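Novice:
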Amino acid sequence: MSSFAYHKPFRAVNFICHAVQAKNVYLVGDFNGWNATAHPMKQMPDHSWLLSLELKHGHHRYAFLVDGILTLDPRAQGITRDDKGNRVSLVPVS
Amino acid sequence: MKTAATRKQGIQAQRFKPTPSQTPPTGKIHPVIVYPYKQPTQYDDLAALYEMIGNLVSTGERYTRPITVIDRKTHAAMAGNKAFLDFRRNTVARSSDILDAWCVDTCQMWNTGLGLAFEQGSNEDVYWLIPGDFDYGTAVGREVLGRLHDLPEIVLELNQDFCIGEIATDHCNSKQLIDTYGTFALLYNWFPVEAQEIRQFTERPRSEFFAVRHEFLREVLAQRWYPYEQTVVMLLQAIFAKRKISRFFVGNISDLPEGKESLASAIQQVERTERVLKAVWRERNASNKNWLEQYQTLEGRSEQVRRAAIVVLQNLLG
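As they're listed, the protein sequences go chains V and L. When we follow our numbering, the leftmost residue of the first sequence carries the number 1, and every step to the right adds one. When we follow our numbering, the leftmost residue of the second sequence carries the number 1, and every step to the right adds one.
Set out below in C-alpha cells:
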C-alpha cells in the first residue's frame, strides 16, 4: 500500500512496444523530460521493442515514439495528458 | 500493435535520475465513503474496505480522517440489528467520521459527503469518492482495493483536476450495456464533441470511482447539482472548462448483488441519463436564439436513441 513515500527505492519497469514494422522506437516521459532520443528501445527476437527502466515510486506519464509518432500504450493502466495536451499513458510504480 | 508497461524486478534496468524540480505535492487526500443504501447480508466486503482505509490513514500522512456518509433510511431499516450496530460502532466509526444524512438518492450522498469534505479542505487538496457497495472482500476485490488509492494520488502527483477509475466488465454486463448503448449514444446526440473527448479517456462515464481536485470540486459544487448521473455531468463540466482528466484502470470488480441492475433498473438509468443531458443542454443553450428549435430536433433524435437502447437492453437483460 503506497502512501507517498518518496524515499522508497526505485523499481524496474519493463516497457514493451509491439511495433513490429517500426524502424526505431523511443520511450519518452516525465522521467526524461520527454526527450525524444534519451531512451531508445531495443528490438527483441519477436520484433517487439523493450526497455527496462528504474523509476521512483509514484505515477509517471509516458508514451512511445514509434518512428517519430507519439503512440499510446494500449495496455497501460491509465491515460492522462502531457503538458502540451497530448494524450499519453500512465504507469504506477509502488 | 500491442504495447505494454509491466513492472519487474531483477533485470538490468537503466535508472531514472529525478530532477530537483520534482517536489512532492503538499495537498491532503480526503476519502469520502458512500455506505451502501441496502445493508449487505454479510460484512466481509465492507470490512475489507475499512481495513484498507484504516491502513492508508494510519500509515500515510497524506490522508485526512475519512468521512462515511450513511443514509438515515439505511440506519432506520437496520434499527435494532445488533450486527449492523456493532459494525457501525466498531468498524465504521473507528475508521471514519460518520455523516448521517437524509438523502433522496446516492448522488445526494455524494453531494453531502464531498461538500463536507470540501469545507474541511484547502486549495491543494483532493477528494476521493469510494462507493461502499462493491465486492471488496473477494480476492479480486482486494486487488482492486490495493489500486483505488492511485486515483487521488494521480490527481495530486500529476496535477490533474479529475481522475476517473475504470472497472473491467464483460460485454454483457449491465453497466457495460447501459454505457455502450445508452450513455454514449445519448451523449453523442446531445454533446457530440464532448462525448468524443470523454470516450478518449473512458468507456465508463458513470463510474463511481473518482478523485477530484479542490478547485474543480468548488466549481462542481457551486453549479447546479443534478439529481443523478453526476459522474457524466462532472466529466462534461471538466470538458467544458478544459480541465485536466485522467483515467486509471482499477481492475475487475462487481456490484454487490443488492445493487445489481435488473432490466427495469437499466431502463431507468438510460432514462435518467437522457433527462440529465437534456437539462445540461438547456442550461448551456437556453440563452441562444432559436434554441428551442434545435432542442426539439435533438429531443426527437434522443427519443430514437433511447428506444433503440431499451430494445438492446431488453434483448440482452430481459
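Backbone N, C-alpha and C define an ideal beta-carbon position, used for all residues, glycine too. Bear in mind the structure is a predicted one, so any value in this text is a computation, not a measurement.
For Ser265 of chain L, which residues in chain V fall below 8 Å Cβ to Cβ?
Specialist: Residue numbering aside, residue 265 of chain L sits at position 265 when the second sequence is read from its first letter. Residues of chain V passing the Cβ test: none, with the nearest at roughly 30 Å.
Novice: At the 9 Å Cβ level, is Arg94 of chain L part of the contact set with chain V, yes or no?
Specialist: In the second sequence, the residue the question calls residue 94 of chain L occupies position 94. Taking Cβ atoms only, chain V never reaches closer than 9 Å to Arg94 of chain L, which makes this a no.
Novice: Per DSSP, what are the beta-bridge partners of Asn288 of chain L in this structure?
Specialist: Start at 1 with the first residue of the second sequence, and residue 288 of chain L comes out as number 288. Partner(s): none; Asn288 of chain L has no beta bridge.
Novice: By how many angstroms is the C-alpha of Lys289 of chain L removed from the C-alpha of Glu153 of chain L?
Specialist: Translated into the one-based positions of the second sequence, residue 153 of chain L becomes position 153. Translated into the one-based positions of the second sequence, residue 289 of chain L becomes position 289. Taking the straight line joining both Cα atoms gives about 44 Å.
Novice: Decide if Ser21 of chain L is buried, meaning its Cβ has at least 16 other Cβ atoms within 10 Å, or exposed.
Specialist: Your numbering for residue 21 of chain L matches position 21 in the second sequence. Low per-residue confidence applies at Ser21 of chain L: pLDDT is 45, beneath 50, and the placement is therefore not dependable enough to give any value.
Novice: Which residue wins for smallest C-alpha separation from Leu70 of chain V, given the options V:His59, V:His60, V:Val20, V:Asp82?
Specialist: If you number the first sequence from 1, residue 70 of chain V lands on position 70. Closest option to Leu70 of chain V, Cα to Cα, is V:Asp82.
Novice: By Cβ distance, which residues of its chain are closer than 7 Å to Ile11 of chain L, with the 5 residues on each side in sequence left out?
Specialist: Sequence index remark: in the second sequence, residue 11 of chain L carries index 11 (1-based). Since pLDDT at Ile11 of chain L reaches only 45, below the 50 mark, its modelled position is unreliable, and the value read off the structure follows with that caveat. Taken in chain order, the list of residues that qualify is empty.
Novice: When the cut-off is 9 Å and only beta carbons count, does Ile245 of chain L lie next to chain V?
Specialist: Numbered from 1 along the second sequence, position 245 holds the residue referred to as residue 245 of chain L. True, the Cβ-Cβ gap to chain V drops below 9 Å.
Novice: Using DSSP with H/G/I as helix, E/B as strand and the rest coil, what is Ala168 of chain L?
Specialist: Taking the second sequence and counting its residues from 1, one reaches residue 168 of chain L at position 168. Three-state DSSP puts Ala168 of chain L in a strand.
Novice: Can you pull the chain V residues whose beta carbon is under 8 Å from the beta carbon of Gln200 of chain L, in chain order?
Specialist: For the purposes of this step, residue 200 of chain L is identified with residue 200 of the second sequence, where counting begins at 1. What Gln200 of chain L touches in chain V: Ile79, Arg87.
Novice: For Asn35 of chain V and His60 of chain V, what's the separation of their Cα atoms in angstroms?
Specialist: Position 35 of the first sequence, counted from the first residue, corresponds to residue 35 of chain V. Position 60 of the first sequence, counted from the first residue, corresponds to residue 60 of chain V. Rounded to whole angstroms, Asn35 of chain V to His60 of chain V spans 14 Å at the Cα level.
Novice: Check whether the Cβ of Tyr6 of chain V lies closer than 9 Å to any Cβ atom in chain L.
Specialist: As a position in the first sequence, residue 6 of chain V is number 6, starting the count at 1. Since pLDDT at Tyr6 of chain V reaches only 47, below the 50 mark, its modelled position is unreliable, and no value is offered.
Novice: State yes or no: is the C-beta of Leu393 of chain L within less than 9 Å of the C-beta of Leu116 of chain L?
Specialist: Outside the shown range of chain L (1 to 318) lies residue 393 of chain L, about which nothing can therefore be said.
Novice: Is Leu158 of chain L close to chain V? Criterion is C-beta to C-beta, closer than 9 Å.
Specialist: For this step, residue 158 of chain L is matched to residue 158 along the second sequence. So, interface residue.
Novice: Hey, is Pro45 of chain V's beta-carbon within less than 9 Å of any beta-carbon in chain L?
Specialist: As a first step, residue 45 of chain V must be located in the first sequence, where it is residue number 45. Not closer than 9 Å to any Cβ of chain L, the Cβ of Pro45 of chain V fails to qualify, so no.
Novice: Taking the straight line between their C-alpha atoms, what separation do you get for Gly259 of chain L and Lys38 of chain L?
Specialist: Counting from one through the second sequence, the residue named residue 259 of chain L turns up at place 259. Counting from one through the second sequence, the residue named residue 38 of chain L turns up at place 38. The predicted model places Gly259 of chain L with a pLDDT of 48, which falls under 50 and marks its position as unreliable, so this point remains unresolved.
Novice: Asp161 of chain L touches chain V at which residues, Cβ-Cβ below 9 Å?
Specialist: Working through the second sequence from its first residue, we reach residue 161 of chain L at position 161. The contacting residues do not exist; Asp161 of chain L stays about 11 Å from chain V at best.
Novice: For Leu70 of chain V, decide whether its Cβ has a neighbour in chain L, counting only Cβ atoms nearer than 9 Å.
Specialist: On the first sequence, residue 70 of chain V is found 70 positions in, with the first residue counted as 1. With 9 Å as the cut-off, Leu70 of chain V does not count as an interface residue toward chain L.
Novice: Helix, strand or coil for Phe249 of chain L, going by three-state DSSP, please let me know.
Specialist: The sequence position of residue 249 of chain L within the second sequence is 249, counting from 1. Three-state DSSP puts Phe249 of chain L in a strand.
Novice: Applying a beta-carbon distance threshold of less than 8 Å, which residues of chain V neighbour Ile253 of chain L?
Specialist: In the second sequence, the residue the question calls residue 253 of chain L occupies position 253. Residues of chain V passing the Cβ test: none, with the nearest at roughly 15 Å.
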